[in-house]
DNA sequence: AAAAAAAGAGAGCACTGCTCTTGCTTTGGA
DNA sequence: TCCAAAGCAAGAGCAGTGCTCTCTTTTTTT
C-alpha cells in the first residue's frame, strides 16, 4: 500500500557524490515534504501550514521559502508524490494479477485505487477532489497523473490482443471525437473502446469519491462487494468480458 | 439554470407579519448569504472570508456572528442552498422531459446535473468535491442532498411501471446488501436495480467531476456528446433501455 | 585568501476566524 | 406608559496564517 510514500522520498538515491551543502539540501527538502505529508494526512490540505511545518522541523518559517517558493509549490510536490504513489499501487496490483482474466485484472486495479484512496483520504482529496481554488495544476503533474490511466489502457490493450474485445456502438455525433481520442490516447484501440475506457475511468473515480466523501453514508453499507461488482460492470462497459479467445476481432454485438 | 439560486433566498416569502426587527433579520441573513455566495462563486470556498463579506455589506465582522455562529455554519447554509438549487434543476429537467422515453428522461436529468455543475463550479465543488477537512456535514444537509437521487429513482420507478426493466444479474456476495439497499431506498424496485442505480448515481458524479476539475483536459475535447453518450450508457446500466412496452415484467436477460 | 552564493534568523505586513466588552435600539410585559 | 430584557452593532484584541524584507552566518567557488 504505502510503497514509495513514506520517508525521504527522493533523497535515498545516490547523493554521495554531492557536496555537503547539496546533500543537506535534498535532506531538508525531503524532511519538509515528509512533515508536510504528515500534516496533510492528519488534517487535510487546507490546514497544511508552512509555519507549522517549519516549527515542527525546528526552523523558522522564512527559512522554508529557500526550499519551496510558496505554499502552492509545496502542495504541487505533494500532489506529484500522491499521483506517483497511487500509480505505483495500481501498477503493483496489475503485476500481482498477472495471468488472470482481463476483467479480473481490471477489477484488481480498481480495487487498488479504492484501497489507496481509503488509506490516504486527504491525499486522494488533494488530487481528485476539488482543486484548491486559484490553484491550477502545473504541467509537471500531468505525467504522474496519467499513470493509473495508462495501467487501465494496458489491460484493455492486452485483452484486445489475447481475447478480443466487445465493441459497444457509438452514436454518430461522437464519432469524430472518438476517433480523435483513440488516435491521441490509444492508437491501437478502436474508437468505441477509447470512449468507453475514458468514461469508465471517470466513473471509477465517481465510485471511489462517493465512498470516500461520505455520500454512501446510510446508502451503501457493505461497500467492498458493492465496489467489486461495480468495477466488474465498468469492465463490462469497456468490452472486457468473456469474448471467445479464439476470435481476436469479434463483431460488435447487436 | 439559476432557478432559486440568486437573491434573498428565503426572504421572499411572507414576512409582512413579522415585526421590523424580525424582518430586518431575515433580510440581513439573506444579504449575507447572497454576498457569501457571490464570493464563493468568484473565488471558491477556501477564500470565502467572513470579514470580506461583512466589509462588503458595510458591517463589522463581529456583527456577522449574530447571524451565523461560525464560518462553517455559513458554509452549511450555502451547501444546503446549492443542493436545493441543483435538485431543482434536476427536477425541472425531468419535468421538461415529461413523456419522453425513460432513457431520454434519464439523460435529460444527467445533462441538467452537468449543466448546473458547469454553471456553478465552486458550488458543485463545495457539495461534491472534497469536503473541507474537519467539517462534517450536519444532518440538515441530508434531505436536500437526496433530491437528485430521488429524481433518478423516480425515473426508474416509472420505467418499471410503464416499460419494464432489464435486470442485470447480481453476484451472490452482494445479494444481502442489495436487498438491504432496495428495502431502504427503493421498496418497489428489485435489488439488482437498486445496486445498479446507486452505482450509476456515483458514476454520474465521476463524469461530471472529471470534466469540472480538469481531468479531461487534453483527453476529451468535445465534451457534450461524450457526456450524453456516457449518460446513456449509465441508463443502460440500470436497465433503462428499449424493453418492449407491452411486457411490463420481463424476465432478466441471460 | 577574497569574492560569491546559499542558507538561516528575525521583524514586520496584511490578512484570517473568533471572542469579549461596551454602548444603543427594539421589543414585550407590568 | 415605563422599564427590564433581549437583540444588535461596533471596536479592540488574540492567535494564527502566507509571504517579504533585511541582516548575519556558513559554505562553496575563484
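Residue numbers (full-length UniProt numbering), protein chains in the order written: chain C, 1 to 254; chain F, 1 to 254.
Cβ coordinates follow ideal geometry from the N, Cα and C atoms, glycine included.
Owing to the predicted nature of the structure, the values given are computational and were not obtained by experimental measurement.
Classification of residue 153 of chain F by the beta-carbon crowding that lies within 10 angstroms, buried from 16 upward: buried
Are the segment 53 to 69 of chain F and the segment 24 to 41 of chain F in contact at 8 Å, needing three or more beta carbon pairs? yes
Check the Cβ of residue 130 of chain F against every Cβ in chain C and list those closer than 7 Å, keeping chain order. 125, 129, 130, 213
Against chain C, does residue 221 of chain F count as a neighbour if the rule is that its beta carbon must be under 9 Å from one of theirs? yes
Distance, Cα to Cα, residue 19 of chain F vs residue 173 of chain C? 59 Å
Where does residue 19 of chain F sit, in a helix, a strand or coil, going by DSSP? coil
Considering just the uninterrupted stretch of the alpha helix (DSSP H) at residue 130 of chain C, what are its terminal residues? From DSSP, residue 130 of chain C is part of no alpha helix (DSSP H); its letter is neither H nor E.
For the alpha helix (DSSP H) containing residue 205 of chain C, list its first residue and its last residue. 191 to 212
Relative to chain C, which residues along the segment 79 to 99 of chain F have a C-beta separation below 8 Å, given in chain order? none
List, in order along the chain, the chain C residues whose C-beta lies closer than 9 Å to that of residue 180 of chain F? 221, 222
May I have the straight-line CA-CA distance separating residue 191 of chain F from residue 239 of chain F, to the nearest angstrom? 12 Å
From what residue to what residue does the alpha helix (DSSP H) around residue 83 of chain F run? 71 to 96
Can you give me the C-alpha to C-alpha distance between residue 182 of chain C and residue 151 of chain F, rounded to a whole angstrom? 34 Å
Starting from the beta carbon of residue 203 of chain F, find every residue of chain C whose beta carbon is closer than 7 Å, and list them in chain order. 203, 206, 207
If we count the other Cβ atoms within 10 Å of its Cβ and call it buried at 16 or more, is residue 87 of chain F buried or exposed? buried
With C-beta atoms as the reference, is residue 207 of chain C less than 9 Å away from residue 203 of chain F? yes
Would you mind stating whether residue 176 of chain F and residue 98 of chain C have Cβ atoms separated by less than 9 Å? no
Length of the line joining the Cα atoms of residue 33 of chain C and residue 164 of chain C: 45 Å
Taking residue 94 of chain C as the reference, which of C/196, C/106, C/170, C/120 has the closest Cα? C/106
When the Cβ atoms of the segment 111 to 119 of chain C are set against those of the segment 108 to 116 of chain F, are three or more pairs found closer than 8 Å? no
Residues near residue 170 of chain C in its chain [Cβ-Cβ closer than 8 Å; skip 5 each side]: 178, 191, 192, 195
Starting from residue 160 of chain F, find everything on chain C with Cβ-Cβ shorter than 9 Å and list it in chain order. Ordered by position in chain C, no residue passes the 9 Å Cβ test against residue 160 of chain F, which lies about 19 Å from the chain.
Where does the unbroken alpha helix (DSSP H) through residue 181 of chain F begin, and where does it stop? 175 to 185
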